[in-house]
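Taking the numbering used here, the leading residue of the sequence shown gets 8, the next gets one more, and so forth. Glycine is no exception: its CB is placed at the ideal position from the N, C-alpha and C atoms.
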Amino acid sequence: MPVSGKEMLKKYRAAGWSVVGTKGSHVKVGKGNMRETIPMHKELRKGLEQMLRKRLREVGE
8 MPVSGKEMLK
18 KYRAAGWSVV
28 GTKGSHVKVG
38 KGNMRETIPM
48 HKELRKGLEQ
58 MLRKRLREVG
68 E
């Protein structure tokens, strides 16, 4: 089941990432020197969702 951008942002914030900025429907989050952009779409595409989850695991959840 696809995850929304809002749900993915919750996961990043729970892992200690903070919102760095927004532009349109995209939210930039950061932790240390790492940055990631999360689109606030109703459903994230499968590849993007997998990439964001992988980054979250690499940095430490």
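Check, Outcome
"Under a three-way DSSP split, which group does residue 52 fall into?", "coil"
"Look up residue 12 in the DSSP assignment and say whether it is helix, strand or coil.", "helix"
"Taking the C-alpha atoms as reference points, what is the distance between residue 57 and residue 63?", "10 Å"
"Would you check if the distance between the CB atom of residue 32 and the CB atom of residue 47 is smaller than 8 Å?", "yes"
"Need the endpoints of the beta strand (DSSP E) that residue 25 sits in, please.", "25-30"
"Between residue 51 and residue 15, which are expected to be in contact by the criterion C-beta below 8 Å, what is the C-beta distance as a whole number of angstroms?", "6 Å"
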